[in-house]
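Asker:
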Amino acid sequence: MVKKYGSSTGFYSLLLAPISIKGLIFISSIYAADTTPVTDNKQLTDCKNYHTDFSKGTEGWVEIRGAKNNWQITQDGLKLILVPPSAYTQLIDKETPDNLKYNDAEGDGPTFNATTLMHYGRFSATLKSAKTGGAVTAIILIADDKDEIDFELLGKGQEEAEDVQSNYFWGQRIVYGENGASHKIEGGLISEVFHTYTVDWNFDRIQWLVDGNVVRTKTRNETKGEYPSSPARVQIGLWDGSGASGTAQWAHGPISWNQTKDAVSATIKEIKIECDPEYNNVIH
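Residue numbering for the sequence shown follows the working numbering, beginning at 1 and increasing consecutively.
#1: Just to confirm, is the Cβ distance from N202 to T45 under 9 Å?
#2: What did DSSP end up calling G177 once you bin it into helix, strand or coil?
#3: Taking just the CA atoms, how far does D93 sit from G133?
#4: Got a sec? Which residues, its chain only, sit under 6 Å from K48 by beta carbon, not counting five neighbours each side?
#5: May I ask which residues mark the beginning and end of the beta strand (DSSP E) holding S166?
#6: Which residues does DSSP list as the beta-bridge partners of V215?
#7: For E152, which of helix, strand or coil comes out of DSSP?
#8: Identify the residues that DSSP records as bridge partners of F112: which are they?
#9: At the level of alpha carbons, what is the spacing between S191 and T137?
#10: For a test of the three-state rule: what should DSSP assign to S242, helix, strand or coil?
#11: Quick one: what's got a C-beta closer than 8 Å to G212's C-beta in the same chain, skipping five residues either side?
#12: Judging by CA-CA distance, which residue of F123, V264, T58 and Y102 is the nearest neighbour of K272?
#13: According to DSSP, D200 sits in a beta bridge with which residue or residues?
#14: Report yes if the CB atom of R216 is closer than 9 Å to the CB atom of W208, and no otherwise.
#15: Looking only at its chain, what residues have a beta carbon closer than 6 Å to the beta carbon of G337, apart from the 5 residues adjacent to it on each side?
#16: Could you compute how far the alpha carbon of F194 sits from the alpha carbon of W239?
#17: Tell me which residue opens and which closes the beta strand (DSSP E) that H51 is part of.
#18: Considering only residues of the same chain and omitting the five flanking positions on each side of N179, which have a CB-CB separation below 6 Å?
#19: Applying the criterion that 16 or more other CB atoms from any shown protein chain within 10 Å of the CB defines a buried residue, is G246 buried or exposed?
#20: Would you mind stating whether P346 and D144 have Cβ atoms separated by less than 9 Å?
#21: Please classify P97 as buried or exposed, where buried requires at least 16 neighbouring CB atoms within 10 angstroms.
#22: Looking at the secondary structure, which residues open and close the beta strand (DSSP E) in which T264 lies?
#23: Please name the residue in Q172, A114, V210 and L141 whose C-alpha comes closest to that of L189.
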């Protein structure tokens, strides 16, 4: 586990360190898990198969964080924009061995949730990530009990290249720094070329794929029972990882807003969600 530096006010955490964010969140009070009882003691979750072309709008998605000024519908898809703080100071955390930097204020980015849960299935998101170090483009599955399966895309830092990372959490015992992995991706920079990121999740294993190629597999047996298995919803968003020193280091930040000439943004072209009919009441 990598030591956490700085305060943590976020709702969940990522690959290497707990996070202090105003970014991606889950709000269990907004949605209830609609389930239909079946005779074999399983309950079927109401789940809708989606194919959203974001160049045509956001139907089927709910904005849970942000405002219209930090997202736009464009011909390429849903553009997520990280709006700079009105003022900020870049500080040094002198309690860290390497005097890590962080910002005392964070940019504001949007978060969208799918409107139904999925209990096993597959989702794919085609997108360009934010290119600025410190900005995190996230495509995740998040359950009300904090089970979680993630893709997190990191921008280029001063010394770090753009990075694709996968992760998962078991909500009953959340641990940091143990379940993540980093993946090298071919076919162009993730901020310049549309890539497709897929999570294929079933009772026995999770697979993470990029452009149709499996980059990681984690089986239930390998997790020794600490396996995300609760109904979850797909969530997409863009957030600023600059607010705590350990998180800022992990995210290739902090963001130096006064040196950032271009808008910090990511573009989501389309998302497909396919519900497993064995565990879901599939809505068409």
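In this text, a Cβ means the ideal position worked out from N, Cα and C, and glycines have one as well. Computed from a predicted model, the values in this text were never measured in an experiment.
Answerer: Checking against the coordinates, here is how it stands:
#1: Numbered from its first residue, the sequence shown carries residue 202 at position 202. Numbered from its first residue, the sequence shown carries residue 45 at position 45. Contact: no.
#2: Taking the first residue of the sequence shown as 1, we reach residue 177 at position 177. Three-state DSSP puts G177 in coil, outside helix and strand.
#3: Position 133 of the sequence shown, counted from the start, is the residue given in the question as residue 133. Position 93 of the sequence shown, counted from the start, is the residue given in the question as residue 93. Going from the Cα of G133 to the Cα of D93 covers about 18 Å.
#4: Here residue 48 is taken as the residue at index 48 of the sequence shown, counted from 1. So the list reads T116 and I283, once near-sequence residues are dropped.
#5: Stepping through the sequence shown from its first residue, residue 166 is reached at position 166. Its beta strand (DSSP E) spans residues D163 to F169.
#6: Taking the first residue of the sequence shown as position 1, residue 215 is located at position 215. Note: V215 sits in no beta bridge, so no partner.
#7: Your numbering for residue 152 matches position 152 in the sequence shown. Here E152 sits in strand by DSSP.
#8: Here residue 112 refers to the residue found at position 112 of the sequence shown. F112 is bridged to E63 and I236.
#9: Counting from 1 along the sequence shown, the entry for residue 191 is found at position 191. Counting from 1 along the sequence shown, the entry for residue 137 is found at position 137. Roughly 10 Å between the two C-alpha positions.
#10: Along the sequence shown, read from residue 1 onward, the residue named residue 242 stands at position 242. Residue state, collapsed to three classes: coil.
#11: Residue numbering aside, residue 212 sits at position 212 when the sequence shown is read from its first letter. Only T196 and T198 meet the Cβ criterion.
#12: Counting from 1 along the sequence shown, the entry for residue 272 is found at position 272. Nearest of F123, V264, T58 and Y102 to K272, Cα basis: F123.
#13: One-based indexing of the sequence shown puts residue 200 at position 200. For D200, which the question treats as bridged, DSSP gives the partners R122 and Q207.
#14: To locate residue 216, count along the sequence shown from 1; it is residue 216. To locate residue 208, count along the sequence shown from 1; it is residue 208. Yes, the pair counts as a contact, with Cβ atoms nearer than the cut-off.
#15: Because the chain is modelled from 1 through 284, residue 337 falls outside the range shown and cannot be assessed.
#16: Locating residue 194 in the sequence shown gives position 194, counting from the first residue. Locating residue 239 in the sequence shown gives position 239, counting from the first residue. Between F194 and W239, the C-alpha separation is close to 19 Å.
#17: Within the sequence shown, residue 51 is the residue found at index 51, counting from 1. Run containing H51: Y50 to D53, per the beta strand (DSSP E) assignment.
#18: Here residue 179 refers to the residue found at position 179 of the sequence shown. Cβ neighbours of N179 beyond the five flanking positions: N167 and Y168.
#19: Residue numbering aside, residue 246 sits at position 246 when the sequence shown is read from its first letter. With 16 or more other Cβ atoms within 10 Å, it is buried.
#20: A query on residue 346 cannot be resolved here, the shown segment of the chain reaching from 1 to 284 and no further.
#21: The residue you call residue 97 lines up with position 97 of the sequence shown. The residue in question, P97, is exposed, as its Cβ has fewer than 16 Cβ neighbours within 10 Å.
#22: In the sequence shown, residue 264 corresponds to position 264, counting from 1. Reading off the sequence shown, one finds Val at residue 264, where the question assumed Thr. Run containing V264: V264 to C275, per the beta strand (DSSP E) assignment.
#23: As a first step, residue 189 must be located in the sequence shown, where it is residue number 189. Cα-wise, what sits closest to L189 is V210.
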